[in-house]
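Residue numbers (our numbering): 700 to 1218. Have a look at the structure below before the remarks.
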Amino acid sequence: MMDNGERAAVSGASRGEKSDTGGRARENTSREATTTDSADMDPVRRALEKAQAENARLREHSHALAVRLSAIETSTSWRMMVRLHRVIWWVIGLFRRIAALGSGARRLIRRMLSFGPAPIDADLLETCMIPSWDEDCGTWVLKLDKARLKALRRTKEKAVEATAPYVIKPVVAADPAIKRPLVMHVIANVYVGGSTQLIIDLLENLADRYDQEVVTAALWRGGRHQGMVVHHMPAPLDVEALSALLARKKPSVVHIHYWGLTDEPWYRAALSAIEHIPCKVVENINTPIAPYIHERVDHYIYVSDYVRRHFGAGADRPEKSSVIHPGIDLSRFDKPIDAAKTADAIGMVYRLETDKLREDSIQLFIEIARRRPRTKIYIIGGGSLFHSYVEQTKAAGVRQNFHFTGYVPYGSLPDWYGKFAIFVAPVWQESFGQVTVFAMNKKLAVGGYKVGALPEILGYDDTFGIDTVSAAQKIIALLDDPVRRQALGERNRTRAQVAFGVQAMTARYGEIYDRLLAE
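Written out as structure tokens, the structure reads:
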């Protein structure tokens, strides 16, 4: 029999054994669980590693493909360029030969290569919309001029190309056996306009006394002017090239037609090229701007007394300056208008550019159309303001009153002037305004804004306003007073005949050339 101590010892030992056994059991269980978890994770780990390896392989493969593709493209492009090299240069040469042709030949080639009707420029399409009076509605309505639309589609002309270049026709043919002094005209561009027209007049009327050629920075996009010898020297001007040309040509007179503004650097370079050339230098100031004063200039010519008085300081001494108003060929604008057919029509003839017009210049005509809806309005000319003017008439609800012609050939101007009774000058500045003289010789009344040389041209200013409303009121008053309108037309024609003939104008230029060469 065990005593209490022994039982306690046995009991403690027993508890110790049980405790050890329980610990070992828990440890075995934990090891088994860990082994089980590790066994479960191995497939996932292996799958992940396999996916990463495959992704790396695909990246390497993609890079290799990109490198190979780049090599193929480079090789293909090179082979194509080698094969096409001769063809490309042949095409370039062909285009250069076509560019050297006249505008008529280029249009013929375009027609030969055309297939079907050509799309029409939206602004050019506006020139096909003609106002027609609807007696039933008592208003103007726009009708499509199908014949013009068909012609435009056939020729594929752009607006600027619709204006043919000038054709020079000498009044007296030059005798090739006689050696004449050379006048070299220098002008920033030979676009259709007043300054180019002055050169044309000199070429035609002084052909028997002077040989004449032209240096210009920009050619007319509608084609080269026929009969004009042109040396194209674009901006920035190569001073050495112009000096070499002048040294070779040996002009007796260099006649600069100056208007400054953005072309001033080109003119400045031209004067640098002339500096050491032994010739006389004449400078025409054709716009309301200060002349380019230079010690090489022998004589300054202003197109109006207004320009000399307001802008000629420093170059206005009587012995070194003159005023010669531009002249016109009176015979071209000789046929008077039909007063009955033109009684309710007014018009303007300008390049639609900001040198003389502003974007809101059309508002004068819009105001007249609003106040007098019976009025038909001709806007003759094209340019950067064309689209804006059309849109403004639409916004004002008076588009049906307007006939926008776009650019028109110079030879057709007399017919266009014959369609309206009042010539309107909505300009913000005017050095002379040859288009106004055309109207005067056609017996048209003249209205517009009281600016620049316009009062000097007409000899009166009571038909001009100082703002849109007053100018519109004066023009409407003339439309409603045929007797006064006719009297003004007669007065204008008389003044044009006496003061603005092209022969008298070119004779004065000839006198200045002669006098300078005699010094």
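C-beta atoms are modelled at their ideal positions from N, C-alpha and C, and glycine is treated no differently.
**Request:** Classify Leu874 as buried or exposed, calling it buried when 16 or more other Cβ atoms lie within 10 Å of its own Cβ.
**Result:** Position 175 of the sequence shown, counting from 1, holds the residue named residue 874. Leu is not the amino acid found at residue 874; the sequence shown has Asp there. Answer is exposed; the Cβ neighbour count stays below 16.
**Request:** Measure the beta-carbon distance from Gln1222 to Val1150 and round it to whole angstroms, keeping in mind my assumption that it falls under 8 Å.
**Result:** This structure does not reach residue 1222, given that the chain is present from 700 up to 1218, and the question cannot be answered.
**Request:** Can you check the region 956-998 for any beta strand (DSSP E) of at least 3 residues that lies completely inside it and give the ranges in chain order?
**Result:** DSSP runs (the beta strand (DSSP E)) wholly in the region 956-998: 979-984.
**Prompt:** Pick from Ile976, Tyr1005 and Pro880: whose alpha carbon is nearest that of Arg681?
**Reply:** Absent from the structure is residue 681, since the part of the chain shown begins at 700 and ends at 1218.
**Message:** Pull the bridge partners of Lys842 from the DSSP assignment, please.
**Reply:** Counting from 1 along the sequence shown, the entry for residue 842 is found at position 143. Answer by DSSP bridge pairing, in chain order: Ile829.
**Message:** On a Cα-Cα basis, can you pick out the residue from His924, Ala916 and Val938 that is closest to Met932?
**Reply:** Translated into positions along the sequence shown, residue 932 becomes position 233. Of the residues His924, Ala916 and Val938, the one whose Cα lies closest to the Cα of Met932 is Ala916.
**Message:** What does the Cβ neighbour count give for Trp965, buried or exposed, with the cut at 16 atoms within 10 Å?
**Reply:** Walking along the sequence shown from the start, residue 965 turns up at place 266. Residue environment: Trp965 is assigned as buried (16 or more neighbouring CB atoms within 10 Å of its CB, all protein chains considered).
**Asked** Using the C-alpha atoms, what's the distance from Thr1167 back to Gln1062?
**Response** Here residue 1062 corresponds to residue number 363 of the sequence shown, with the count starting at 1. Here residue 1167 corresponds to residue number 468 of the sequence shown, with the count starting at 1. The straight-line gap from Cα to Cα measures roughly 7 Å.
**Item:** Secondary structure, alpha helix (DSSP H): runs of 4+ residues fully inside the region 1097-1179
**Value:** Fully enclosed alpha helix (DSSP H) runs of 4 or longer: 1112-1116, 1133-1140, 1153-1157 and 1167-1178.
**Prompt:** Can you find at least 3 beta carbon pairs, one from the region 1066-1077 and one from the region 1124-1143, that sit closer than 8 Å?
**Reply:** Touching, no.
**Asked** Could you give the C-beta distance for His954 and Val891, rounded to a whole number, given that I count them as a contact under 8 Å?
**Response** Within the sequence shown, numbered from 1, the residue matching residue 954 stands at position 255. Within the sequence shown, numbered from 1, the residue matching residue 891 stands at position 192. Going by Cβ atoms, the distance from His954 to Val891 rounds to 20 Å, so no, they are not a contact pair.
**Request:** List the DSSP bridge partners of Val928.
**Result:** Mapped onto the sequence shown, residue 928 falls at position 229. By DSSP's assignment, Val928 forms no beta bridge with any residue.
**Request:** Go ahead and pull the three-state DSSP assignment for Leu1063.
**Result:** Walking along the sequence shown from the start, residue 1063 turns up at place 364. Three-state result, Leu1063: helix.
**Item:** Own chain residues within Cβ distance below 7 Å of Pro864, not counting five before or after
**Value:** Position 165 of the sequence shown holds residue 864. So the qualifying residues of the chain are Ser802, Trp919, Gly921, Gly922, Arg923, His924 and Gln925.
**Prompt:** Taking Asp1213 as the reference, which of Leu1056, Val981 and Arg756 has the closest Cα?
**Reply:** In the sequence shown, residue 1213 corresponds to position 514, counting from 1. Of Leu1056, Val981 and Arg756, the residue nearest in Cα terms is Val981.
**Asked** What separation, rounded to the nearest whole angstrom, lies between the Cα atoms of Gly1046 and Val1107?
**Response** By 1-based counting over the sequence shown, the position of residue 1046 is 347. By 1-based counting over the sequence shown, the position of residue 1107 is 408. Taking C-alpha positions only, Gly1046 is separated from Val1107 by approximately 14 Å.
**Request:** In the DSSP assignment, find the beta strand (DSSP E) that holds Val882 and state where it starts and stops.
**Result:** As a first step, residue 882 is located in the sequence shown; it is residue number 183 there, counting from the start. Val882 -> beta strand (DSSP E) spans Leu881 to Asn888.
**Alpha carbon of Arg1031 to alpha carbon of Gln1185, nearest angstrom** = Your numbering for residue 1031 matches position 332 in the sequence shown. Your numbering for residue 1185 matches position 486 in the sequence shown. So the alpha carbons of these two residues sit roughly 21 Å apart.
**Request:** Could you give the DSSP three-state label for Gly1081: helix, strand or coil?
**Result:** Here the question's residue 1081 lines up with position 382 in the sequence shown. If DSSP states are grouped into helix, strand and coil, Gly1081 belongs with coil.
**Prompt:** In angstroms, rounded to a whole number, what distance separates the CA positions of His1102 and Leu1056?
**Reply:** Translated into the one-based positions of the sequence shown, residue 1102 becomes position 403. Translated into the one-based positions of the sequence shown, residue 1056 becomes position 357. Cα to Cα, His1102 sits roughly 18 Å from Leu1056.
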